[in-house]
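Engineer:
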Amino acid sequence: MAETKTTYCRICEATCGLVATVENGRVVSLAPDPEHVASRGYACKKGLAQHRVLHSPDRLLHPQKRIGDRWQRISWEQALEEIGAKVKSLVAAHGGDSVSFYLGNPISQPVRDRGLLVQYFDGGVLMQESDGSIVLAPLGREKAAEIGIDTTPVDGSGLPTFDESMFYEIGNPNPQGDPAATGKKWIEVSLSQQQLWAYQGSTLVSTSLVSTGIEPNHTEQGWFHVRYKLEKTDMQGITDANGQVIALGEQEDNSGGTPYDVKDVPHVMYFDYDAEALHGAYWHNNFGTPMSHGCVNLPLDFATWLFDWAPLGTVVWVHA
Ligand code: SF4
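In the working numbering, the protein residues as written are 14 to 333.
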């Protein structure tokens with residue numbers, strides 16, 4: 014069932030208002046928003062074609078490393094490690110000014126403000142000082158002063174020294190490898206083996222059987238990140254006569270489909286933009302067999318541990 018959502022284009026500083034038509038979680042068309050306060054029904058062809066980029070089969074979804082005259086797919090971990098090592102070596106050899114960062118597209122043209130030339134970004138303001146140097150506006154400090162938050166440093170002399178043991182730890186139900194291993198945390202899910210492995214660096218820390226999407230609802234394959242965590246949430250949607258999920262969330266059903274509403278789903282970690290998540294499942298104990306609408310169902314004790322163990326941004330690799 015198609016639905017429309019109001020959004021805006023982020024390509025350039027005009028930030029034109031758009032209306033997106035979404036079907037089964039995919040943007041199928043974009044139109045200028047006549048109600049937008051600034052763009053008032055205008056958008057250029059770049060903005061109106063963005064959904065083709067979003068869903069293009071040619072869109073790069075994985076890091077590619079140039080080896081000679083060809084490109085080779087590598088893992089996010091390898092890419093980040095190699096880029097980090099390169100940046101460190103550049104700073105060591107040429108100093109901090111040898112590296113610059115891209116803040117994204119501005120949402121304003123350069124304008125005069127505060128007596129300086131400034132340019133606004135999503136969540137940041139760059140200011141050009143009178144000597145030509147560029148600095149970030151201290152938005153946090155300014156906002157605190159504006160709403161009257163006292164930012165005077167507190168006396169920290171009575172605070173205990175940080176120690177991991179001060180924090181409550183959820184027990185690992187299936188410990189593997191060295192529990193003191195170091196390195197980046199990442200999660201691997203195999204659809205054919207219906208199994209999940211949790212790694213720290215190259216050390217396997219824990220593993221569990223899982224239940225991923227059952228036909229006709231596939232769990233999306235690829236490299237993702239934990240992007241949203243909820244201790245508990247309700248999961249609603251609508252399935253068609255074949256059992257395929259055709260809508261997500263709480264909405265009126267005009268399709269003749271079958272609504273579902275699963276209450277209090279525990280330890281939910283969304284990892285892709287099809288609203289698929291790693292989460293505990295209390296309604297079955299058939300792990301090792303596909304059972305879900307596309308999410309990765311976990312045994313409750315394992316879900317509790319994984320939720321505590323994996324921070325936002327943890328890499329999730331789902332493969333066949
Ligand atoms: S629709 Fe075109 S003009 Fe408007 S923000 Fe996007 S790229 Fe810029």
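Cβ coordinates follow ideal geometry from the N, Cα and C atoms, glycine included.
Could you check the C-alpha separation between LEU93 and GLN77 for me, to the nearest Å?
Structural biologist: Stepping through the sequence shown from its first residue, residue 93 is reached at position 80. Stepping through the sequence shown from its first residue, residue 77 is reached at position 64. Using only the alpha carbons, I get a separation of about 12 angstroms.
Engineer: Spatial neighbours of HIS231 within its chain, please: C-beta separation below 7 angstroms, excluding the five flanking residues on both sides.
Structural biologist: Your numbering for residue 231 matches position 218 in the sequence shown. Here the set comprises GLY307.
Engineer: For THR9, is the classification buried or exposed, using 16 other Cβ atoms within 10 angstroms of its Cβ as the cut-off for buried?
Structural biologist: The chain is shown only over 14 to 333; residue 9 falls outside these bounds and no answer can be derived.
Engineer: Cα separation between LYS101 and GLN91?
Structural biologist: Taking the first residue of the sequence shown as 1, we reach residue 101 at position 88. Taking the first residue of the sequence shown as 1, we reach residue 91 at position 78. When rounded, the distance between both Cα atoms is 15 angstroms.
Engineer: Going along the chain, which residues of its own chain have a beta-carbon closer than 6 angstroms to the beta-carbon of ALA294, five neighbours each way excluded?
Structural biologist: Position 281 of the sequence shown, counting from 1, holds the residue named residue 294. The residues are ASN310.
Engineer: Taking only the alpha-carbon atoms, compute the straight-line gap between HIS280 and PRO324 and give it to the nearest angstrom.
Structural biologist: Residue mapping note: residue 280 aligns to position 267 of the sequence shown, counting from 1. Residue mapping note: residue 324 aligns to position 311 of the sequence shown, counting from 1. Going from the Cα of HIS280 to the Cα of PRO324 covers about 12 angstroms.
Engineer: Would the C-beta of ALA27 count as close to the ligand SF4, meaning under 7 angstroms from any of its heavy atoms?
Structural biologist: Looking up residue 27 in the sequence shown gives position 14. Because some heavy atom of the ligand SF4 lies under 7 angstroms away, the Cβ of ALA27 counts as near it: yes.
Engineer: In whole angstroms, what separates the C-alpha of LEU172 from that of LEU73?
Structural biologist: Within the sequence shown, the letter at position 159 stands for residue 172. Within the sequence shown, the letter at position 60 stands for residue 73. The alpha-carbon atoms of LEU172 and LEU73 are separated by roughly 47 angstroms.
Engineer: Tell whether a beta-carbon distance below 8 angstroms holds between VAL152 and GLU142.
Structural biologist: Residue mapping note: residue 152 aligns to position 139 of the sequence shown, counting from 1. Residue mapping note: residue 142 aligns to position 129 of the sequence shown, counting from 1. Val is not the amino acid found at residue 152; the sequence shown has Leu there. Contact flag unset, no.
Engineer: Might you give, ordered along the chain, the residues of its own chain that have their beta carbon closer than 7 angstroms to the beta carbon of TYR21, omitting 5 neighbours on each side?
Structural biologist: The residue given as residue 21 occupies position 8 in the sequence shown. Once the five neighbours on either side are set aside, the close Cβ partners of TYR21 are THR28, CYS29, GLY30, LEU31.
Engineer: Under the three-state reduction of DSSP, which class applies to TRP210: helix, strand or coil?
Structural biologist: Position 197 of the sequence shown, counting from 1, holds the residue named residue 210. Strand, per DSSP.
Engineer: Count the other CB atoms within 10 Å of the CB of ILE160; is the residue buried (16 or more) or exposed (fewer)?
Structural biologist: One-based indexing of the sequence shown puts residue 160 at position 147. Under this definition ILE160 is an exposed residue.
Engineer: What is the DSSP secondary structure of PHE175, reduced to helix, strand or coil?
Structural biologist: Position 162 of the sequence shown, counted from the start, is the residue given in the question as residue 175. Correct three-state label for PHE175: coil.
Engineer: Where do the ends of the alpha helix (DSSP H) carrying ASP321 lie?
Structural biologist: Position 308 of the sequence shown holds residue 321. Where ASP321 is concerned, the enclosing alpha helix (DSSP H) stretches over 313-322.
Engineer: Suppose only complete runs of 3+ residues qualify. What are the beta strand (DSSP E) ranges in the region 243-298, listed by chain order?
Structural biologist: Counting only runs of 3 or more, we get 258-261, 271-283, 290-293.
Engineer: Within a Cβ cutoff of 6 angstroms, which residues of the same chain sit near HIS49, ignoring the five residues on either side of it in sequence?
Structural biologist: Looking up residue 49 in the sequence shown gives position 36. For HIS49, where only same-chain residues beyond five positions count, the Cβ hits under 6 angstroms are GLY30.
Engineer: From the DSSP secondary-structure annotation, give me the bridge partner or partners of GLY190.
Structural biologist: Numbered from 1 along the sequence shown, position 177 holds the residue referred to as residue 190. According to DSSP, which records beta bridges pairwise, GLY190 is partnered with nothing at all.
Engineer: Measuring only from the beta carbon, is GLY60 closer than 7 angstroms to any heavy atom that is part of the ligand SF4?
Structural biologist: For the purposes of this step, residue 60 is identified with residue 47 of the sequence shown, where counting begins at 1. Answer for GLY60: yes, Cβ within range of the ligand SF4.
Engineer: Just curious, the alpha helix (DSSP H) that LYS59 is in, first and last residue?
Structural biologist: The sequence position of residue 59 within the sequence shown is 46, counting from 1. For LYS59, the enclosing alpha helix (DSSP H) covers residues 58-61.
Engineer: If HIS68 sits next to ARG86, beta carbons under 8 angstroms apart, how far is it from one beta carbon to the other, in whole angstroms?
Structural biologist: Residue numbering aside, residue 68 sits at position 55 when the sequence shown is read from its first letter. Residue numbering aside, residue 86 sits at position 73 when the sequence shown is read from its first letter. Incorrect: roughly 20 angstroms between the Cβ atoms, too far for contact.
Engineer: Should PHE114 be flagged as near chain B, meaning a C-beta pair shorter than 8 angstroms?
Structural biologist: Included in the structure is just one protein chain, with no chain B present.
Engineer: Out of curiosity, what's the CA-to-CA distance linking ALA150 and PHE134?
Structural biologist: Reading the sequence shown from its first residue, position 137 is the one you call residue 150. Reading the sequence shown from its first residue, position 121 is the one you call residue 134. Near 11 angstroms, if we compare the C-alpha coordinates of PHE134 and ALA150.
Engineer: At a cut-off of 7 angstroms, is ILE87 close to the ligand SF4 when judged by its beta-carbon and the heavy atoms of the ligand?
Structural biologist: On the sequence shown, residue 87 is found 74 positions in, with the first residue counted as 1. False, no ligand heavy atom lies under 7 angstroms from that Cβ.
Engineer: ALA254 to PRO272, Cα distance in whole Å?
Structural biologist: For the purposes of this step, residue 254 is identified with residue 241 of the sequence shown, where counting begins at 1. For the purposes of this step, residue 272 is identified with residue 259 of the sequence shown, where counting begins at 1. Taking the straight line from one Cα to the other gives about 11 angstroms.
Engineer: Round the Cβ separation of LEU103 and SER111 to the nearest angstrom and send it over; I've been treating them as touching at under 8 angstroms.
Structural biologist: Here residue 103 refers to the residue found at position 90 when the sequence shown is read from its first residue. Here residue 111 refers to the residue found at position 98 when the sequence shown is read from its first residue. Contact flag correct, Cβ pair sits at about 5 angstroms.
Engineer: Please classify TRP181 as buried or exposed, where buried requires at least 16 other C-beta atoms within 10 Å of its C-beta.
Structural biologist: The residue given as residue 181 occupies position 168 in the sequence shown. Contrary to the premise, residue 181 reads as Tyr rather than Trp in this sequence. Counting Cβ neighbours within 10 Å, TYR181 comes out exposed, since fewer than 16 surround it.
Engineer: Can ALA56 be considered in contact with the ligand SF4, in the sense that its beta carbon sits closer than 7 angstroms to one or more heavy atoms?
Structural biologist: Sequence index remark: in the sequence shown, residue 56 carries index 43 (1-based). Answer for ALA56: yes, Cβ within range of the ligand SF4.
Engineer: I'd like to know whether the C-beta atoms of THR220 and LEU204 end up nearer to each other than 8 angstroms.
Structural biologist: Residue 220 sits at position 207 when you count from the first residue of the sequence shown. Residue 204 sits at position 191 when you count from the first residue of the sequence shown. No; because the gap between Cβ atoms is not below 8 angstroms, this pair is not in contact.
Engineer: Helix, strand or coil for GLU36? Go by DSSP, reduced to three states.
Structural biologist: In the sequence shown, the residue the question calls residue 36 occupies position 23. Of the three classes helix, strand and coil, the one that applies to GLU36 here is strand, per DSSP.
Engineer: Residues bridged to HIS332 by DSSP?
Structural biologist: Numbered from 1 along the sequence shown, position 319 holds the residue referred to as residue 332. DSSP lists SER203 as partners of HIS332.
Engineer: Can the beta-carbon of VAL167 be found closer than 8 angstroms to that of GLY235?
Structural biologist: Locating residue 167 in the sequence shown gives position 154, where the first residue counts as 1. Locating residue 235 in the sequence shown gives position 222, where the first residue counts as 1. Not a contact, by the Cβ cut-off of 8 angstroms.
Engineer: Is it true that the CB of VAL202 sits closer than 8 angstroms to the CB of LEU209?
Structural biologist: Taking the first residue of the sequence shown as 1, we reach residue 209 at position 196. Taking the first residue of the sequence shown as 1, we reach residue 202 at position 189. Their beta carbons are under 8 angstroms apart, which means LEU209 touches VAL202 by this criterion.
Engineer: Assuming THR317 contacts ILE183 (C-beta within less than 8 angstroms), just tell me the rounded distance between them.
Structural biologist: By one-based count along the sequence shown, residue 317 stands at place 304. By one-based count along the sequence shown, residue 183 stands at place 170. 5 angstroms between Cβ atoms; contact.
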